[in-house]
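Numbers 1188 to 1236, taken from the working numbering, label the letters of the sequence shown in order.
All remarks here apply to the structure that follows.
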Amino acid sequence: VVIRGALQNFPYDKAILFNPMGMAIFDVAIAAYYYQRARENEIGVLLED
């Protein structure tokens, strides 16, 4: 929500839909997050270049 104060009166127990369509930076951030978690937990398969 970009509009200032739009969630001010929104109930805390209701879901909010976030649609990141067209936001490549969101994809990069999510990939980095899960890559780091995989490294920390030593899971996954490391692919060669």
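Glycine is no exception: its CB is placed at the ideal position from the N, C-alpha and C atoms.
All of these numbers come straight from a predicted model, not from anything done at the bench.
For Phe1197, there is no enclosing alpha helix (DSSP H), as DSSP marks it with neither H nor E. Ala1225 has its alpha-carbon roughly 6 angstroms from the corresponding atom of Gly1231. Under the three-state reduction of DSSP, Ile1217 is assigned to helix. Looking only at Tyr1222, Met1208 and Leu1204, the smallest Cα-Cα distance to Leu1234 is reached by Tyr1222.
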